[in-house]
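Engineer: The structure under discussion is supplied below as structure tokens; questions concerning it will follow.
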Amino acid sequence: RYWVPILASVEIAEPDGPQVRVQILSEKLLAFRDTDGKAGLISEFCSHRGVSLYFGRNEENGIRCAYHGLKFTRSGECVDVPSAPAACKNMGITAYPCIERGGLVWAYMGPADKQPAFPEVEWCVLPESHIFTSKRLQECNYLQAMEGGIDTSHVSYVHRFEVDNDPMHMGTKANDYIKADGNVVFDIEKTPFGLTLYGRRNGEPDSFYWRITQWLFPWFTLIPPFGDHALGGHVWVPIDDHHCWAWSINFQPNRPLTDEERLHMAEGKGIHCDYEEGGTFRPRANKDNDYLIDRVAQREKRAYSGVFGFSMQDASLQESMGPIQDHLKEKLLPTDRAIVMARRMLHDAAVGLAQGV
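Numbering (the numbering used here), first residue to last: 44 to 400.
Quick look at the structure:
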């Protein structure tokens with residue numbers, strides 16, 4: 044019932060260029076750009092005998108199966124069955140409508156009569172010169188990854204040294220307040236779009252520093268600002284029960300990003316990361332190498348957990364819980380109120396969906 048970010052537009056940059064495998068919500072799909080330059084998202088598999096269309100030909104406004112020549116448009120319609128032309132009308136495959144916004148290809152994967160308007164989050168209505176997006180594979184359930192974006196209290200600990208050294212966060216008074224006061228007092232507002240979290244810390248004498256975070260149902264989180272640095276946010280999209288895509292977005296509402304800002308982001312600074320080779324979007328620091336933990340840096344107070352980078356500091360701890368954390372074993376604290384509220388809202392929505400709401 045929601046518009047889902049599928050992949051970056053640059054991943055299918057050219058009309059009639061290579062198609063790309065995509066798995067979203069446990070469904071194996073194929074993304075491509077047709078001859079007219081329109082993005083399409085269809086089932087990966089031919090309706091004839093289940094061959095992967097990844098090996099097919101993207102040409103003349105459709106994907107042609109390499110096995111027996113069946114051809115499918117971005118709407119899923121079968122327009123050619125060379126061996127039995129009359130069979131076309133019965134050979135269509137699943138397809139989802141796509142929109143391109145904010146440098147991403149989005150798809151709606153629900154019932155056609157329930158299709159909502161596109162979510163006009165701020166960075167999706169800005170010129171592309173104002174935006175930088177990246178994605179990374181996170182090897183855990185999307186909920187426990189997303190909960191890190193809702194939980195604002197952890198910033199005082201796992202990120203406490205990173206904020207002073209990272210070029211996308213350094214040099215702000217917010218850093219001083221975050222490091223000085225880990226006893227966050229929360230006020231949480233339930234809104235028509237999700238939750239707004241007001242985290243209160245001690246600031247200057249006789250004043251408070253309020254750090255305001257937003258969760259936009261069902262998978263957007265917005266990061267509180269750090270001075271004049273680019274604003275940021277995430278979209279957490281399930282791949283399957285044990286993996287998700289963590290989309291990271293930086294943007295400047297009132298001006299284009301500078302070359303220096305873009306360079307820092309492309310180098311994996313701020314909320315972004317660098318990757319293993321091979322185009323899988325798996326971070327170079329990952330569970331197979333203990334996230335390149337540096338115990339010397341931990342002792343010297345250069346990295347609180349010994350892991351560098353905002354994204355991998357979070358991911359290392361979230362993935363350490365296992366692919367799906369057993370919530371029955373948790374002993375929650377007052378700072379977890381927003382997480383509890385989000386879980387209840389998601390549960391209620393899932394029940395409503397099952398009941399046909």
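Heads up, the beta-carbon is just placed ideally off N, CA and C, and yes, glycines get one too.
1) Once the 5 residues before and after K178 are set aside, which same chain residues still bring their CB inside 6 Å of it?
2) Quick check on DSSP: helix, strand or coil for S69?
3) If you run the structure through DSSP and keep just helix, strand and coil, what is T137?
4) Using a beta-carbon distance below 8 Å, is Q257 in contact with chain C?
5) Can you check the stretch 109-189 for any alpha helix (DSSP H) of at least 4 residues that lies completely inside it and give the ranges in chain order?
6) Hey, how far is the Cα of G192 from the Cα of S359?
7) Grouping DSSP H, G and I as helix and E and B as strand, with all else coil, what is Y97?
8) What does the alpha-carbon distance come out to for the pair R92 and A160?
9) Once DSSP output is grouped into helix, strand and coil, what is the label at S196?
10) Using DSSP bridges, identify the partner residues of E232.
11) On the criterion of 16 or more Cβ atoms from any shown chain inside 10 Å, does N293 qualify as buried, or is it exposed?
12) Is it the case that the Cβ atoms of F353 and E120 are separated by a distance below 8 Å?
13) Whose CA, out of F88, T378 and Y241, lies closest to the CA of Y97?
14) With distances taken from CA atoms, which of H272, D337 and K114 is nearest V94?
15) Smallest Cα separation from Q187: which of D379, G399 and V400?
16) Report buried or exposed for I266, applying the criterion of at least 16 other Cβ atoms within 10 angstroms of its Cβ.
17) According to DSSP, simplified to helix, strand and coil, what is A51?
18) Is DSSP giving D77 helix, strand or coil here?
19) Below 8 Å CB to CB, which residues in the same chain sit around I136 once its five sequence neighbours on both sides are set aside?
20) Tell whether a beta-carbon distance below 8 Å holds between S250 and G225.
21) To which residues does DSSP link L265 through a beta bridge?
22) Under three-state DSSP, which class holds R244?
23) With H, G and I counted as helix, E and B as strand and the rest as coil, what does DSSP make of S90?
24) Please return the same chain residues whose Cβ sits closer than 7 Å to the Cβ of D40, not counting the five positions on each side in sequence.
25) Buried or exposed: which applies to R64, given that a residue is buried once 16 or more other Cβ atoms fall within 10 Å of its Cβ?
26) Quick one: residues in its chain with C-beta nearer than 8 Å to the C-beta of G153, no 5 flanking neighbours on either side, listed in chain order?
27) Sorted by chain position, which residues of the same chain lie with C-beta nearer than 7 Å to R117's C-beta, five sequence neighbours on each side aside?
Structural biologist: Result, derived from the coordinates:
1) Counted from its first residue, the sequence shown places residue 178 at position 135. Excluding residues within five positions, the ones whose Cβ falls inside 6 Å are W288, W290 and F324.
2) Your numbering for residue 69 matches position 26 in the sequence shown. Shown here, S69 sits in coil according to DSSP, grouped into three states, outside any helix or strand.
3) Translated into the one-based positions of the sequence shown, residue 137 becomes position 94. Annotated three-state conformation of T137 is coil, per DSSP.
4) Going by chain labels, chain C is absent from the structure shown, which holds only one protein chain.
5) Counting only runs of at least 4 residues, the stretch 109-189 fully encloses no alpha helix (DSSP H) element at all.
6) Reading the sequence shown from its first residue, position 149 is the one you call residue 192. Reading the sequence shown from its first residue, position 316 is the one you call residue 359. Straight-line measurement puts the Cα of S359 at about 14 Å from the Cα of G192.
7) Here the question's residue 97 lines up with position 54 in the sequence shown. The answer is helix: DSSP assigns Y97 an H, G or I state.
8) By one-based count along the sequence shown, residue 92 stands at place 49. By one-based count along the sequence shown, residue 160 stands at place 117. Taking the straight line from one Cα to the other gives about 36 Å.
9) Counting from 1 along the sequence shown, the entry for residue 196 is found at position 153. In the structure shown, S196 sits in a helix (DSSP, three-state: H, G or I).
10) Here residue 232 is taken as the residue at index 189 of the sequence shown, counted from 1. According to DSSP, E232 bridges with T239.
11) Taking the first residue of the sequence shown as position 1, residue 293 is located at position 250. N293 counts as buried, since no fewer than 16 other beta carbons sit within 10 angstroms of its beta carbon.
12) For the purposes of this step, residue 353 is identified with residue 310 of the sequence shown, where counting begins at 1. For the purposes of this step, residue 120 is identified with residue 77 of the sequence shown, where counting begins at 1. Not in contact: F353 and E120 (Cβ atoms no closer than 8 Å).
13) Stepping through the sequence shown from its first residue, residue 97 is reached at position 54. It is F88.
14) Against the sequence shown, residue 94 aligns to sequence position 51. Ranked by Cα distance from V94, the first of H272, D337 and K114 is K114.
15) Walking along the sequence shown from the start, residue 187 turns up at place 144. Among D379, G399 and V400, the Cα nearest to that of Q187 belongs to D379.
16) By one-based count along the sequence shown, residue 266 stands at place 223. Counting other Cβ atoms within 10 Å of its Cβ, I266 reaches 16 or more and is therefore classed as buried.
17) What you label residue 51 is simply residue 8 of the sequence shown in a count that begins at 1. Correct three-state label for A51: strand.
18) The residue labelled residue 77 in the question sits at position 34 within the sequence shown. Reduced to three states, the DSSP call for D77 is coil.
19) For the purposes of this step, residue 136 is taken as residue 93 along the sequence shown, with counting starting at 1. Shown here for I136: same chain residues with a beta carbon closer than 8 Å to its own, the five before and five after excluded, namely I85, S86, F88, C89, S90, F115, G119 and C121 in chain order.
20) Looking up residue 250 in the sequence shown gives position 207. Looking up residue 225 in the sequence shown gives position 182. No.
21) Position 222 of the sequence shown, counted from the start, is the residue given in the question as residue 265. L265 pairs with Q257 and G276.
22) Your numbering for residue 244 matches position 201 in the sequence shown. Three-state result, R244: strand.
23) Position 47 of the sequence shown holds residue 90. If DSSP states are grouped into helix, strand and coil, S90 belongs with coil.
24) Absent from the structure is residue 40, since the part of the chain shown begins at 44 and ends at 400.
25) Indexing the sequence shown from 1 puts residue 64 at position 21. Counting Cβ neighbours within 10 Å, R64 comes out exposed, since fewer than 16 surround it.
26) Walking along the sequence shown from the start, residue 153 turns up at place 110. Excluding residues within five positions, the ones whose Cβ falls inside 8 Å are R44 and Y45.
27) Numbered from 1 along the sequence shown, position 74 holds the residue referred to as residue 117. Cβ within range, chain order: D77, K81, G83, I85 and A138.
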